[in-house]
Amino acid sequence: MASDAAHSQPAALAGLRVLDLSGPLGQYCGKMFADMGADVILIEPPQGAATRREPPFIDDEPGVERSLSFAYFNTSKRGVTLDLDCAQGQALFRRLAATADLVLETEKPGVMARRGLTHAELTALRPMLVMTSITPFGQTGPYANYEAEDLIALAMGGLLYLGGYPDIAPSRVYGNQACLGASMFGAVASMLALTEAEASGEGQHVDVSMQECVVMALETAVQYYDLEGTIRKRYAGQQRFAGTGVFPCKDGYVYMMAGGIGANKFWALSVQWLLDEKLPGVERLHGEQWTRVDYLLTGEAKRIFAEVFAPFALTRTKAELYHEGQRRRIPLAPINTPADMLASPQLRHRGYFIEVAHALRGRPLLMPGAPYRLSRTPWRVGRPAPQLGEHNAEVLGEIGVVRDELESLRSRGVI
Amino acid sequence: MKLPLAGVRITDFTWIGAGSYATKILADYGADVIKIESATRIDSLRMAAPYKDGKPGINRSGYFADRNTSKRSITVDMKHPKTLALVKQLIARSDVVANNFTPGVMERFGLGYEAVRAVRPDIVYLAMSMQGASGPERDYLGYGASMVALTGLQHLTGLPEREPAGTGTNFPDHIPNPCHAAFAVLAALRHRRRTGEGQYIDIAQTEPAIALLGPAVLELTVNGRTLTRNGNEHWGAAPHGVYRCAGEDRWIAICVMNEAHWPALRRVLGDPQWMAQPRWSRAASRHRDRRELDGLLERETARWNAEELMHALQARGVPAGVVQNAKDVIENDPQLGHRGHWVKLAHPEMGETIYNASPFRFSRTPTQLSRPAPLLGEHTRQVLRELAGLEEAQIESLINEGALK
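From first to last, the protein sequence lines stand for chains Y and C. All letters in the first sequence, in the order written, are residues 1 to 415 by the numbering used here. All letters in the second sequence, in the order written, are residues 1001 to 1405 by the numbering used here.
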């Protein structure tokens, strides 16, 4: 947990209330708001959010309070259960929305309308309310009702085509990055709309497409087609340019970047390193052709670089190559495993991994901490992810639902 | 209508990938982003392919252009003695100062946080170096591709029996870092509106990407398991993968996530005999024998046109998507077309080229790009007249002295 000193400091998003109805596409968006100090209320169906069924689980045993994915992506949120498909649940939701600044939802297009919970209906109660809807393809259009998992959005957004080995099917980037991209752009878009609402007094509806978010990660592929008429392809298992790529070493792999991007001095520095190491054949890396991108792209250039560098790399560890490369101002990086990251002196120095309590486990969970450090309004985990319905009485009490009512809502399955 | 960030000004020292893509978001939504450049220290992205018509030139890179819409560019030589005072005049009229240098560079310019705060006490100061402002590796350098390696993404992506594949791109530059940086700046600006206080934001560009890998970290810290890459597999669902279709390098992604998807897939594929085997009707055995299943399924998909198969599967509610390449997303995708994702802007040297609009739409605020990427130093005179109050003659003499290179 963050230190006591941090707790006495203000939070950047203090005073903002967010109703987070989101699933996999929006949970990190809610976390970004919550860890910056907004009052984020996770609203789950009475049987629990689908995100509670996502592994890994504590000791590999499934259970609504055992998902580590849920525990991570829902820190700092309060949690209530509410059946939004019944009239009473919808009425309670409207009362909550009347106190909120942002509603975050990831239902299929049309679901919120069937519930009578569209942005237009909710702003009648709260004119400044912003509602952000994150869906696979957006609210309207020919694919608006198409189904998508993370892999489908990576495919349709064009990023999948750029990843993996050329001789077989493309490989997706690990870790639901399409869902997370939708969450991150959803958070930015929501903050833009909240900023605008503060000035104009009017909220608005934000429509985020996961596919379109993935498109933002195509780097230069779109420009290569537009400007030069070529289609960028995947190249894993090969150097991207001679000197830039994955090389096995003594205890794993490193990513060598003798080429860098655009104009730079890394090539000369890299050749000097290999000279200093007195590597056989290093003189083959001399010559004017090595300054030309078209040459660096040839199989011959890649083969020559590998013949000189690869045997050397095998005699060194990831850490040795990393620190020596960096000492020489070459952007070489180790290909870290999660265990390497936990052991990283850099991340350790920055206190990056933090402990967050977990009611069921007893011992705290060690997880990634602040993705940004704000000197005046520090990021912090305000509380662990909520247990199912943990804040029902507290949150509904704040909108005037009394204890007897709670009991009756519970018995009718509304909460 | 007024854009959300109208009235916000950013003195922007960011360059290359992540920093420029972060301030692009803010520029596209109304911030006046003044990109501080120099012919003596060219943003290396200006010298990165692809170029208009394949011809290199500092104003011809598509990589640079897409990351710098809606911004103004001025050139100053930070080593010239008169420059610092000029830049401080811009900062005095700015709300945000942004950079993504390794730590120490801004200090050498005389523009560390304390120096900037002396000029503008309520400044929001965004620093986004690769490893952050502190720690033994703070001076280390790298690109997005280095961060893919450092953060575990590369180790976790690809096939276990082959070398780690990574994303094939500088992935953290494109989504994780720009989004985290923009969000942090927007949050800090809110705090400033409420309290009058600025602050210093330190982003280590490795840290947002690791923050996205929370479950993999917890799998290790709680369950003691170091994950490795597993291709396109899903922990519980099968088939879940990428399958060959008819044509050159054409593929479809298919995800059978529940018990309705499997019979729907069977019907679309015309109920081939092998699919009727009882073991394939159970999720657990499909997952157990997923490698075998993938091979069998690919024999079916290979006969299909990818788009036709996607539409047929989607019509029955099965998650399926063509593995689209750049041409597909630009020319053939009716959904991106419907959303108006691709924006054509006329650039003085590149002519009309394609830019990304932002990937979200507002019900009132328009999605627009106010101008194409700036030419190097295109707005030097304009900005110095407007914000530093210089007369044409003063600008001329600064040019002659070499301060505005």
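Just so it is clear, CB atoms sit at the ideal spot from N, CA and C, and this is done for glycine as well.
Same chain, Cβ closer than 8 angstroms to glycine 1166 of chain C, neighbours up to 5 away in sequence not counted: Mapped onto the second sequence, residue 1166 of chain C falls at position 166. Ala1145, Val1148, Ala1149, Leu1153, Gln1154, Thr1157 and Gly1158.
Of the listed residues Y:Gln272, Y:Leu159 and Y:Cys179, nearest to arginine 234 of chain Y (C-alpha basis): Residue numbering aside, residue 234 of chain Y sits at position 234 when the first sequence is read from its first letter. Closest by alpha carbon: Y:Leu159.
Pair within 8 angstroms by beta-carbon distance, aspartate 1066 of chain C and glutamine 88 of chain Y: Here residue 1066 of chain C is taken as the residue at index 66 of the second sequence, counted from 1. Here residue 88 of chain Y is taken as the residue at index 88 of the first sequence, counted from 1. No, the Cβ-Cβ distance between aspartate 1066 of chain C and glutamine 88 of chain Y is not below 8 angstroms.
Residues of the segment 1067-1086 of chain C with Cβ closer than 7 angstroms to any Cβ of chain Y, in chain order: none
Assigned exposure category for proline 1374 of chain C - 16 Cβ within 10 Å defines buried: Reading the second sequence from its first residue, position 374 is the one you call residue 1374 of chain C. The residue in question, proline 1374 of chain C, is buried, as its Cβ has 16 or more Cβ neighbours within 10 Å.
DSSP state of valine 130 of chain Y mapped onto helix, strand, coil: If you number the first sequence from 1, residue 130 of chain Y lands on position 130. The answer is strand: DSSP assigns valine 130 of chain Y an E or B state.
Arginine 376 of chain Y at chain C interface by Cβ criterion, 8 angstroms: The residue you call residue 376 of chain Y lines up with position 376 of the first sequence. Chain C, which has a Cβ nearer than 8 angstroms to the Cβ of arginine 376 of chain Y, makes this yes.
Candidates Y:Val130, Y:Arg327 and Y:Leu151, of which the one nearest proline 24 of chain Y by Cα: Translated into positions along the first sequence, residue 24 of chain Y becomes position 24. Closest option to proline 24 of chain Y, Cα to Cα, is Y:Leu151.
Secondary structure, beta strand (DSSP E): runs of 3+ residues fully inside the segment 1048-1124 of chain C: 1071-1075 and 1096-1099
Residues sharing a beta bridge with threonine 1353 of chain C, DSSP: One-based indexing of the second sequence puts residue 1353 of chain C at position 353. C:Leu1345, per the DSSP bridge assignment.
One or two residues paired with tyrosine 1200 of chain C in a DSSP bridge: On the second sequence, position 200 is the one that residue 1200 of chain C refers to. In the DSSP output, where bridge partners are listed per residue, tyrosine 1200 of chain C has C:Tyr1125.
Neighbour flag for aspartate 251 of chain Y against chain C, beta carbons, 8 angstroms: In the first sequence, residue 251 of chain Y corresponds to position 251, counting from 1. Answer no: the Cβ-Cβ gap between aspartate 251 of chain Y and chain C never drops below 8 angstroms.
8 angstroms Cβ cutoff, histidine 1240 of chain C in contact with chain Y: For this step, residue 1240 of chain C is matched to residue 240 along the second sequence. At least one chain Y Cβ lies under 8 angstroms of histidine 1240 of chain C.
is_contact[glycine 1158 of chain C, chain Y] using C-beta, thresh 8 angstroms: As a working mapping, residue 1158 of chain C is identified with position 158 in the second sequence. Closer than 8 angstroms: yes.
Short Cβ contact (8 angstroms threshold) for leucine 1313 of chain C with leucine 1384 of chain C: Position 313 of the second sequence, counting from 1, holds the residue named residue 1313 of chain C. Position 384 of the second sequence, counting from 1, holds the residue named residue 1384 of chain C. For leucine 1313 of chain C and leucine 1384 of chain C, no; Cβs fall outside 8 angstroms.
Rounded C-alpha distance that separates leucine 13 of chain Y from glycine 116 of chain Y: Numbered from its first residue, the first sequence carries residue 13 of chain Y at position 13. Numbered from its first residue, the first sequence carries residue 116 of chain Y at position 116. For leucine 13 of chain Y and glycine 116 of chain Y, the distance between alpha carbons rounds to 29 angstroms.
Any chain Y beta carbon closer than 8 angstroms to arginine 1371 of chain C: Position 371 of the second sequence, counted from the start, is the residue given in the question as residue 1371 of chain C. So no, arginine 1371 of chain C is outside the interface.
Integer-rounded CB distance, given that lysine 250 of chain Y should sit under 8 angstroms from leucine 332 of chain Y: Within the first sequence, the letter at position 332 stands for residue 332 of chain Y. Within the first sequence, the letter at position 250 stands for residue 250 of chain Y. Wrong, their Cβ atoms sit about 14 angstroms apart, outside the cutoff.
Closest Cα partner of glutamate 1197 of chain C within the set C:Asp1328, C:Gln1089 and C:Arg1117: In the second sequence, counting from the first residue as 1, residue 1197 of chain C sits at position 197. Among C:Asp1328, C:Gln1089 and C:Arg1117, the Cα nearest to that of glutamate 1197 of chain C belongs to C:Arg1117.
Nonlocal neighbours in the same chain, by C-beta distance under 8 angstroms from valine 1105 of chain C, ignoring five residues either side: As a first step, residue 1105 of chain C is located in the second sequence; it is residue number 105 there, counting from the start. So the list reads Asn1099, once near-sequence residues are dropped.
CB contact flag (alanine 1184 of chain C, isoleucine 1203 of chain C, <8 angstroms): As a first step, residue 1184 of chain C is located in the second sequence; it is residue number 184 there, counting from the start. As a first step, residue 1203 of chain C is located in the second sequence; it is residue number 203 there, counting from the start. For alanine 1184 of chain C and isoleucine 1203 of chain C, yes; Cβs fall inside 8 angstroms.
Uninterrupted beta strand (DSSP E) stretches inside the segment 1282-1312 of chain C (no shorter than 3 residues): none
Minimum Cβ-Cβ distance from alanine 1325 of chain C to chain Y less than 8 angstroms: The count along the second sequence starts at 1 and reaches residue 1325 of chain C at position 325. Reading the sequence as shown, one finds asparagine at residue 1325 of chain C and not alanine. With 8 angstroms as the cut-off, asparagine 1325 of chain C counts as an interface residue toward chain Y.
Nearest to aspartate 20 of chain Y (by Cα), restricted to the options Y:Ser183, Y:Leu154, Y:Glu324 and Y:Arg126: Against the first sequence, residue 20 of chain Y aligns to sequence position 20. Ranking Y:Ser183, Y:Leu154, Y:Glu324 and Y:Arg126 by Cα distance to aspartate 20 of chain Y puts Y:Ser183 first.
Assumed close pair leucine 297 of chain Y, isoleucine 58 of chain Y - CB separation to whole angstroms, cut-off 8 angstroms: Stepping through the first sequence from its first residue, residue 297 of chain Y is reached at position 297. Stepping through the first sequence from its first residue, residue 58 of chain Y is reached at position 58. So it is not a contact: roughly 48 angstroms between Cβ atoms.
Check whether isoleucine 1330 of chain C and aspartate 226 of chain Y have beta carbons under 8 angstroms apart: Residue numbering aside, residue 1330 of chain C sits at position 330 when the second sequence is read from its first letter. Residue numbering aside, residue 226 of chain Y sits at position 226 when the first sequence is read from its first letter. The answer is yes: Cβ separation under 8 angstroms.
Residue-chain proximity (phenylalanine 73 of chain Y, chain C), Cβ-Cβ < 8 angstroms: As a working note, residue 73 of chain Y is residue 73 in the first sequence. Yes - at least one Cβ of chain C is within 8 angstroms of the one on phenylalanine 73 of chain Y.
C-beta atoms of isoleucine 1091 of chain C and arginine 1120 of chain C nearer than 8 angstroms: Position 91 of the second sequence holds residue 1091 of chain C. Position 120 of the second sequence holds residue 1120 of chain C. For isoleucine 1091 of chain C and arginine 1120 of chain C, yes; Cβs fall inside 8 angstroms.
Within 8 angstroms, strictly: CB atoms of alanine 1403 of chain C and valine 1076 of chain C: What you label residue 1403 of chain C is simply residue 403 of the second sequence in a count that begins at 1. What you label residue 1076 of chain C is simply residue 76 of the second sequence in a count that begins at 1. Their beta carbons are under 8 angstroms apart, which means alanine 1403 of chain C touches valine 1076 of chain C by this criterion.
Beta-carbon proximity check, alanine 1357 of chain C vs histidine 1338 of chain C, cutoff 8 angstroms: Your numbering for residue 1357 of chain C matches position 357 in the second sequence. Your numbering for residue 1338 of chain C matches position 338 in the second sequence. The answer is no: Cβ separation not under 8 angstroms.
Outcome for proline 1493 of chain C when other beta-carbon atoms lying within 10 angstroms are tallied against a minimum of 16: Since the first and last residues shown for chain C are 1001 and 1405, residue 1493 of chain C lies out of range.
Classification of proline 371 of chain Y by the beta-carbon crowding that lies within 10 angstroms, buried from 16 upward: The count along the first sequence starts at 1 and reaches residue 371 of chain Y at position 371. It counts as buried.
Identity of the residues DSSP links to cysteine 1255 of chain C by a beta bridge: Residue mapping note: residue 1255 of chain C aligns to position 255 of the second sequence, counting from 1. According to DSSP, which records beta bridges pairwise, cysteine 1255 of chain C is partnered with C:His1240.
C-beta contact flag for threonine 81 of chain Y and glycine 389 of chain Y at 8 angstroms: Here the question's residue 81 of chain Y lines up with position 81 in the first sequence. Here the question's residue 389 of chain Y lines up with position 389 in the first sequence. In contact: threonine 81 of chain Y and glycine 389 of chain Y (Cβ atoms closer than 8 angstroms).
DSSP three-state assignment for phenylalanine 57 of chain Y, whether helix, strand or coil: For the purposes of this step, residue 57 of chain Y is taken as the residue at position 57 of the first sequence. If DSSP states are grouped into helix, strand and coil, phenylalanine 57 of chain Y belongs with the strands.
Cβ-Cβ distance between proline 1004 of chain C and glycine 1030 of chain C below 8 angstroms: The count along the second sequence starts at 1 and reaches residue 1004 of chain C at position 4. The count along the second sequence starts at 1 and reaches residue 1030 of chain C at position 30. Their beta carbons are under 8 angstroms apart, which means proline 1004 of chain C touches glycine 1030 of chain C by this criterion.
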